[in-house]
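Taking it in order: structure first as structure tokens, then the write-up.
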Amino acid sequence: MLPAPNRLRTRSDFTSAVRSSGGFRVGSSLLVVHATSTDSRAGQPPRVGFVVSRAVGGAVVRNRTKRRLRALVAERLESLPPGMDVVIRANPPAGAATYGELQEALNPLLEKAIGRAGGRA
Numbered sequence: 870m871l872p873a874p875n876r877l878r879t880r881s882d883f884t885s886a887v888r889s890s891g892g893f894r895v896g897s898s899l900l901v902v903h904a905t906s907t908d909s910r911a912g913q914p915p916r917v918g919f920v921v922s923r924a925v926g927g928a929v930v931r932n933r934t935k936r937r938l939r940a941l942v943a944e945r946l947e948s949l950p951p952g953m954d955v956v957i958r959a960n961p962p963a964g965a966a967t968y969g970e971l972q973e974a975l976n977p978l979l980e981k982a983i984g985r986a987g988g989r990a
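Residue numbering for the sequence shown follows my numbering, starting at 870 and increasing by one per position.
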């Protein structure tokens, strides 16, 4: 589980992270990663949120997918720059993906999105 200061919680936080003009989006067949960094959040801990819709599967599949994504991000939390907001959206094929497949998809996307968003802030 992610610590409370590292979680996106409100709808407005998710919306600003996904629709920010200064943010970046990168994707694959399994995942889409939105990353944004603003001066107003400089020095604050990075925050991460997850979007797993019904298109991914039933409740059991969605919750399993979210747990796997949370565990993957928790391992990389220290590498996220301060003030960064990241939203990870699971595409429908993510429901059938294994932990390893999600890891292989997430690593390059996260690095690319953070590198691009961090460079603009």
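Note that beta-carbon positions come from the ideal geometry of N, C-alpha and C, so glycine has one too.
Local conformation of residue i per DSSP, three classes
{"i": "L979", "result": "helix"}
{"i": "R876", "result": "strand"}
{"i": "A928", "result": "helix"}
{"i": "S906", "result": "strand"}
{"i": "L900", "result": "strand"}
Given residue i as reference, the closest of the options once Cα atoms are compared
{"i": "R876", "options": "T907, P914, E947", "result": "P914"}
{"i": "R937", "options": "A928, G969, P977", "result": "G969"}
{"i": "R880", "options": "S909, V917, E973, P951", "result": "V917"}
{"i": "P874", "options": "I957, A943, R985", "result": "A943"}
8 angstroms Cβ cutoff met for residue i and residue j
{"i": "M953", "j": "A911", "result": "no"}
{"i": "V921", "j": "R931", "result": "yes"}
{"i": "P950", "j": "S906", "result": "yes"}
{"i": "A959", "j": "S897", "result": "no"}
Straight-line Cα distance separating residue j from residue i
{"i": "V895", "j": "V902", "result": "5 angstroms"}
{"i": "V955", "j": "A966", "result": "21 angstroms"}
{"i": "P872", "j": "V929", "result": "23 angstroms"}
{"i": "L946", "j": "V887", "result": "19 angstroms"}
{"i": "S889", "j": "P977", "result": "21 angstroms"}
{"i": "G892", "j": "E980", "result": "14 angstroms"}
{"i": "L941", "j": "I957", "result": "11 angstroms"}
{"i": "R923", "j": "S885", "result": "22 angstroms"}
{"i": "D908", "j": "G927", "result": "39 angstroms"}
Sequence-distant residues of its chain with Cβ nearer than 7 angstroms to residue i (five each side left out)
{"i": "A963", "result": "L899, L900, V925, T934, L971"}
{"i": "M870", "result": "R939"}
Own chain residues within Cβ distance below 6 angstroms of residue i, not counting five before or after
{"i": "I983", "result": "A904"}
{"i": "A986", "result": "G892, F893, A904, T905, S906"}
Spatial neighbours of residue i in its chain, beta-carbon cut-off 8 angstroms, leaving aside the 5 residues before and after
{"i": "F883", "result": "L877, G918, V920, V956"}
Residue-level contact to chain C via CB, residue i, 8 angstroms cutoff
{"i": "G926", "result": "Here there is only one protein chain, and chain C is not present."}
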